[in-house]
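For the sequence shown, UniProt numbering gives the first residue as 2, with consecutive numbering after it. Backbone N, C-alpha and C define an ideal beta-carbon position, used for all residues, glycine too.
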Amino acid sequence: SKSEIGLIGLGTMGAMLSLNIAEKGFAISVFNRTTARTDEFHAEAGELAERITPCSTLEDLVASIAEPRAIILMVPAGAAVDQQIAALRPLLGKDDLIIDAGNANFRDTEARAAQAEADGVPFLGIGVSGGEEGARHGPSIMGGGRKEAWAQVSHILTAIAADYEGTACATWMGQGGAGHFVKAVHNGIEYADMQMIAEVYGIMRDGQGASAATCAGAFEEWNKGALQSYLIEISGKVAAATDAESGNAVLDIILDRAGQKGTGRWTVIEAQHLGAPVPVIEAAVAARNLSAMKSERERGEAMFGAAPVELASGALSRDDLEQALIAGKIMCYAQGFHLLNAASAEFEWDLPMPEIARVWREGCIIRSTMLNDMADALTAAPQDNLMFAPFFSELIERSAPALRKVVATAITHGLQVPALSAGLAYYDAMRTGRSTANMIQAQRDFFGAHSFERTDKDGAHHGPWGS
Ligand code: NDP
């Protein structure tokens, strides 16, 4: 009998996704550019091998899948996706669906969806989060494209997705590139969550002289409270790990140069296009870029001397740091959801805000208890800034003083807290009814005759600047 679905690209993610699909009871056909990998994968599939059909040509793959076919692409984003689509389409029927499940830039997905639309063939772009482990045992899935195309495969996607108390973490987000856009924002938030944790780790390590084991203790403690999340949990675990060879904390021997694949950067670029402020995410992306400038940083340290980062004992408590992280996290998500709302309006996606928070509750890297409260807040007021939801406004009132104390103390000691300070600045901006943009407007009118509005009269006005 024929397979219910096909998959191309048996790399890290594709292999794990295929095993997940087979384990959930679906017959799947797989193809990989390098055939040896296909055979190796099938040989290692154990008892799941009987539900997996290895194919050495695209023709075999297509012939082995029941119609209307659905084929998942799990190849690197960019040219490889276009190459695979171009190779596959001539072999497929009009109703056969191609699903790009890699980390595509949503603009590429929009273009591919438009092309598919013009050709009258179905196409989906789905964001899959949760890394290798998620792909194997239940990722978070953010779908985009035609709703009918999603309906064709949603029974498979919901079956393989992570489960949050009986709800599958797989949702159709909207037309075209909506799914990949939501995935990019997920990754932007992920960068920010990670950066804020790293900043607090820096305060403990450099400001308080804490060992990696002590930091691990703090993360373990925080993981029992409002910050309960996968990223806090693994931060505790990585801080607790010991290098078998040297006996040192693994964290202490890891080079301080962070990589990135670009999705955080896309989030920031799209936010700029949309005029949606996401300063916490911007700070996190910039911090990764700065981390890559290791030799320049060393040169700077030799030239200017390192900042005297040591804090007086008791200057910041563990509770202060926890509260600062809570406040920073709320600011970050308020910005992320604002960006999603702005994109939803601009691209006419009608993104399901509470559903986005719900699919992020399990399976993905940013999963956390707080997302459940965000889902509730967004159900009540999907378009409203998360800061204004009663649950979060109360949490902010309790935690913002600690954020200010932590940021102020860190800055006066040369400890870097760019993402936390961006969160604090956002909070202060968002509670300033009268900003200083009157000065900007006056300057713009002075040099460019751009005109300004007045507080006391309607209409456009010019200043008495003379000529
Ligand atoms: P890998 O590098 O592990 O695997 C890439 C796969 O794509 C291989 O099977 C490779 O085949 C195939 N491939 C590469 N180039 C081409 C091409 N031009 N034509 C056909 N096949 C090609 O990648 P991952 O599994 O890590 O990532 C796949 C996608 O999933 C990417 O878009 C990635 O961003 C995304 N993703 C990855 C996550 C992760 O944690 N790794 C998490 C979420 C999404 P061959 O064996 O012949 O080289």
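Top-ranked residue by Cα proximity to residue i, from the options
i, options, result
"G121", "G135, L421, R147, A102", "R147"
"I198", "E323, N373, E41", "E323"
"G189", "I270, D253, D257", "I270"
"G12", "N386, F42, C216", "F42"
"A47", "V407, A250, E24", "Per the sequence shown, the amino acid found at residue 47 is Gly instead of Ala. Closest option to G47, Cα to Cα, is E24."
"G175", "E222, I53, L89, L341", "L341"
"Q417", "H181, A242, R289, Q444", "R289"
"S314", "Y427, G103, G167, Q209", "Q209"
"Q384", "E347, I412, S400, F338", "F338"
"Q261", "E191, F305, H156", "E191"
"C216", "S230, A227, R113, E234", "E234"
"A240", "R300, A213, R266, S230", "A213"
"E68", "G7, S436, T35", "G7"
Distance cut-off 7 Å: residue i Cβ against heavy atoms of the ligand NDP
i, result
"Q444", "no"
"G144", "no"
"L336", "According to the sequence shown, residue 336 is Gln rather than Leu. Q336: no, Cβ never under 7 Å from the ligand NDP."
"A81", "yes"
"R289", "no"
"M431", "no"
"E133", "yes"
"N106", "no"
"L11", "yes"
"S130", "yes"
"R38", "yes"
"K458", "no"
"A115", "no"
"V31", "no"
"Q261", "no"
"R34", "yes"
"P55", "no"
"V76", "yes"
"M195", "no"
"M14", "yes"
"G103", "yes"
Beta-carbon spacing of residue i, residue j below 8 Å
i, j, result
"I9", "L92", "no"
"S141", "G132", "no"
"H187", "W361", "yes"
"A403", "A284", "no"
"residue 477", "R258", "Summary: the structure shown does not reach residue 477, with the chain confined to residues 2 through 468, and so no result is reported for it."
"A193", "A343", "no"
"D101", "G139", "no"
"G128", "A171", "no"
"A378", "A390", "yes"
"C333", "I282", "yes"
"A162", "A169", "yes"
"E5", "F27", "yes"
"N224", "G203", "no"
"P77", "G103", "yes"
"S19", "I66", "no"
Delimiting residues of the alpha helix (DSSP H) encompassing residue i
i, result
"L158", "148 to 161"
"residue 490", "With the chain represented from 2 up to 468, any question about residue 490 goes unanswered, as that position is not in the structure."
"T13", "13 to 24"
"I86", "80 to 89"
"L372", "371 to 381"
"S296", "295 to 305"
"I198", "179 to 203"
"V407", "391 to 413"
First through last residue of the beta strand (DSSP E) which encompasses residue i
i, result
"T54", "53 to 56"
"S130", "124 to 130"
"L352", "Unbroken run through L352: none, as it is neither H nor E."
"L8", "6 to 9"
"T172", "171 to 175"
"C101", "Before going further, note that residue 101 is Asp rather than Cys in the sequence given. First-last of the beta strand (DSSP E) with D101: 98 to 101."
"L317", "Here L317 belongs to no beta strand (DSSP E), and DSSP marks it neither H nor E."
"V251", "From DSSP, V251 is part of no beta strand (DSSP E); its letter is neither H nor E."
"T74", "Checking the displayed sequence, the identity of residue 74 turns out to be Leu instead of Thr. Start and end: 71 to 74."
Neighbour-count burial assignment, residue i, 16 or more Cβ in a 10 Å radius
i, result
"M440", "exposed"
"I255", "exposed"
"E398", "exposed"
"G184", "Checking the sequence shown, residue 184 turns out to be Lys, not Gly. With 16 or more Cβ atoms within 10 Å of its Cβ, K184 is classed as buried."
"P353", "buried"
"Q84", "exposed"
"F107", "buried"
"P280", "buried"
"T110", "buried"
"F182", "buried"
"S57", "exposed"
"residue 1", "Lying before the first or after the last residue shown, residue 1 is absent from the chain, which here runs from 2 to 468."
"T433", "exposed"
Test: residue i CB closer than 8 Å to a CB of chain B
i, result
"N439", "In summary, chain B is missing from the structure at hand, where a single protein chain is found."
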